[in-house]
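Chemist: These protein sequences, in sequence, are chains A and B.
Here the first sequence stands for residues 7 to 122, numbered as in the numbering used here.
Here the second sequence stands for residues -19 to 196, numbered as in the numbering used here.
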Amino acid sequence: GIDCQGGSRMCCRQEFFVDFREIGWHDWIIQPEGYAMNFCTGQCPLHVAGMPGIAASFHTAVLNLLKANTATGTAGGGSCCVPTARRPLSLLYYDRDSNIVKTDIPDMVVEACGCS
Amino acid sequence: PRADSQCLACGEPALDLKSQRKLLLDLAKRSILDKLHLSHRPTLSRPVSRAALRTALQRLHGPPKGAHPEADNGQEYEIISFAETGLSNNQTRLDFRVSSDRTVGGMEVQQASLMFFVQLPPNTTWTLKVRVLVLGPRDANLTLATQHLLEVDASGWHQLFLGPEAQAACSQGHLTLELVPEGQVAQSSVILGGAAHRPFVVARVRVGGKHRVRRH
């Protein structure tokens, strides 16, 4: 996948770090110190549908599909910039009874983006 | 981006950076609270000392091996609950509140164990009875559900795996244990005070997941 830089308009991953101290949550979340709430943004023109983050064969299949569709005059559906790889967020925190709780929240951190 | 620019993804007029940041921070808070099945951030009732936190974390294992919460969309938690202690006629009573914040989908306690610290005189063996007390279905009195007997022959931390009765009590959110010393060793051998030696229960909990789907 591609990380967003400057004014890139194509589909890319925008990093966004939430510091728990900045939002006043550091008193109940013991670890980690923040959460990388990365997100996907940018455009997916049809000629890159199925691009970065997804196997090239998928990209070829999509292009062939588009060629077939555009041949009959109907343009293929839109392609969206979506997460293609994610990882869990491990949290250690206090609950309302001051118990210490440890859990892994699956699929919370976006690692890569690509065009659907 | 400039105020008059467009959002890259949807073409709507872009937000100014300050509003965008506030929107993203609110989204991050909402996302974490939803995944923890919390309606709002917890307000701590009883602060935990750093010493107790450090001691307990040294005993908290990594995520259960082979646990695949996505497999049946349940989520695994490990919970450390520190005891509220009291003494009644030479018996030590430990009260634990394993809060049911995670009430969405119900809590299933898969394993629970008691960790306690003992300071014994040299060359002494101490027999300890641990009684599991539960609230009766209709009355507010505690009744004996089961008891464990264990021999302690060294000072330091000891772990006692608790059975299904204690796990069921934890699932209901409240567990009471009574430590009854056998023989002549004074009750004061079990160190209850002192921030770094507070007894605690470690519970391995699953919220949601396959069995709930079957039940529906």
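Here a beta-carbon is modelled for each residue, glycine too, at the ideal position from N, C-alpha and C.
Could you pull the start and end residues of the beta strand (DSSP E) that Glu58 (chain B) belongs to?
Modeler: Glu58 (chain B) -> beta strand (DSSP E) spans Gln55 to Phe62.
Chemist: Let me check one thing: in DSSP terms, what residues is Phe45 (chain A) bridge-paired to?
Modeler: Paired residue(s): A:Gln20.
Chemist: By how many angstroms is the C-alpha of Pro27 (chain B) removed from the C-alpha of Gly30 (chain A)?
Modeler: For Gly30 (chain A) and Pro27 (chain B), the distance between alpha carbons rounds to 16 Å.
Chemist: For Leu37 (chain B), tell me which candidate among B:Thr23, B:Pro22, B:Ile59 and B:His17 has the shortest Cα-Cα distance.
Modeler: Nearest option by C-alpha distance: B:Ile59.
Chemist: Would you say Lys15 (chain B) lies against chain A (beta-carbon separation less than 7 Å)?
Modeler: Closer than 7 Å to some Cβ of chain A, the Cβ of Lys15 (chain B) qualifies, so yes.
Chemist: Would a C-beta distance cut-off of 7 Å place Ala55 (chain A) and Ser85 (chain A) closer than the cut-off?
Modeler: In this structure, Ser85 (chain A) lies closer than 7 Å to Ala55 (chain A) by Cβ.
Chemist: Closer than 7 Å, CB to CB, is Glu58 (chain B) near chain A or not?
Modeler: Yes, its Cβ sits closer than 7 Å to a Cβ of chain A.
Chemist: How far does the alpha helix (DSSP H) with Ser151 (chain B) in it reach, from first residue to last?
Modeler: Note, Ser151 (chain B): alpha helix (DSSP H), Pro144 to Ser151.
Chemist: Specify the secondary structure class of Val78 (chain B) as computed by DSSP and reduced to three states.
Modeler: Reduced to three states, the DSSP call for Val78 (chain B) is coil.
Chemist: So is Phe180 (chain B) buried or exposed if we call it buried at 16+ other beta carbons inside 10 Å?
Modeler: With 16 or more Cβ atoms within 10 Å of its Cβ, Phe180 (chain B) is classed as buried.
Chemist: Count the other CB atoms within 10 Å of the CB of Asn121 (chain B); is the residue buried (16 or more) or exposed (fewer)?
Modeler: Exposed, because fewer than 16 other Cβ atoms sit within 10 Å of the Cβ of Asn121 (chain B).
Chemist: How do the region -3 to 5 of chain B and the region 132 to 149 of chain B stand: do at least 3 beta-carbon pairs fall below 8 Å, yes or no?
Modeler: In short, these stretches do not touch, since the Cβ pair count stays below three.
Chemist: What are the partner residues of Met95 (chain B), as DSSP defines its beta bridges?
Modeler: In the DSSP output, where bridge partners are listed per residue, Met95 (chain B) has B:Gln139 and B:Phe180.
Chemist: May I have the straight-line CA-CA distance separating Asn103 (chain B) from Arg27 (chain A), to the nearest angstrom?
Modeler: Cα-Cα distance, rounded: 50 Å.
Chemist: Keeping to the same chain, check which residues put their C-beta closer than 6 Å to that of Gly116 (chain B); ignore five residues upstream and five downstream.
Modeler: Result list for Gly116 (chain B): Thr123, in chain order.
Chemist: Count the other CB atoms, across all protein chains shown, that sit within 10 Å of the CB of Thr90 (chain A); report buried if there are 16 or more and exposed otherwise.
Modeler: Buried, since its Cβ has 16 or more Cβ neighbours within 10 Å.
Chemist: Using a C-beta to C-beta distance shorter than 7 Å, which residues of chain A count as neighbours of Arg21 (chain B)?
Modeler: Those within 7 Å of Arg21 (chain B) in chain A are Trp31 and Trp34.
Chemist: Quick check: is the beta carbon of Ser61 (chain B) nearer than 7 Å to any beta carbon in chain A?
Modeler: Cβ-Cβ to chain A under 7 Å: yes for Ser61 (chain B).
Chemist: Buried or exposed for Asn6 (chain A), going by 16 or more other Cβ atoms inside 10 Å?
Modeler: Nothing in the structure corresponds to residue 6 (chain A), since chain A is present only between 7 and 122.
Chemist: Please state if the CB of Ala125 (chain B) and the CB of Cys150 (chain B) are separated by a distance shorter than 7 Å.
Modeler: Not in contact: Cys150 (chain B) and Ala125 (chain B) (Cβ atoms no closer than 7 Å).
Chemist: So Leu(-5) (chain B) contacts chain A; which residues on that side make the cut at Cβ distance below 9 Å?
Modeler: Those do not exist, as Leu(-5) (chain B) stays about 12 Å from chain A at its closest Cβ, beyond 9 Å.
Chemist: Since Phe76 (chain B) and Leu130 (chain B) are thought to touch, with beta carbons under 8 Å apart, how far apart are those beta carbons, to the nearest angstrom?
Modeler: At roughly 18 Å, the Cβ-Cβ gap does not stay under 8 Å, so Phe76 (chain B) and Leu130 (chain B) are not in contact.
Chemist: Who are the Cβ neighbours of Gln49 (chain A) in its own chain at under 8 Å, not counting the five residues just before and after it?
Modeler: Same-chain partners within the cutoff: Arg15, Met16, Cys17 and Cys87.
Chemist: Tell me where the beta strand (DSSP E) around Gln127 (chain B) begins and ends.
Modeler: Counting along the chain, the beta strand (DSSP E) containing Gln127 (chain B) begins and ends at Leu122 to Val132.
Chemist: Comparing C-alpha positions only, which one of B:Lys2, B:Pro(-7) and B:Ser19 sits nearest to Phe23 (chain A)?
Modeler: The candidate whose alpha carbon is nearest that of Phe23 (chain A) is B:Lys2.
Chemist: Between B:Gln55, B:Val110 and B:Arg178, which lies nearest to Glu162 (chain B) when the distance is taken from Cα to Cα?
Modeler: Measuring from the Cα of Glu162 (chain B), the nearest candidate turns out to be B:Val110.
Chemist: With a threshold of 7 Å between beta carbons, is Leu4 (chain B) in contact with chain A?
Modeler: True, the Cβ-Cβ gap to chain A drops below 7 Å.
Chemist: How close, in whole Å, do the beta carbons of Leu74 (chain B) and Leu159 (chain B) come, if the pair is a contact with beta carbons under 8 Å?
Modeler: Their Cβ separation, rounded to whole angstroms, is 7 Å, which keeps Leu74 (chain B) and Leu159 (chain B) in contact under 8 Å.
Chemist: Taking C-beta pairs closer than 9 Å, name the residues in chain A that Glu55 (chain B) reaches, listed in chain order.
Modeler: It is worth fixing the name first, because residue 55 (chain B) is Gln in this sequence and not Glu. Result: Thr109, Asp110, Ile111 and Pro112.
Chemist: Run down chain B in chain order and give the residues with a C-beta less than 8 Å from the C-beta of Ile8 (chain A).
Modeler: None at all; the shortest Cβ gap to chain B is about 13 Å.
Chemist: In terms of residue numbering, what span does the beta strand (DSSP E) encompassing Leu157 (chain B) cover?
Modeler: Start and end: His154 to Glu162.
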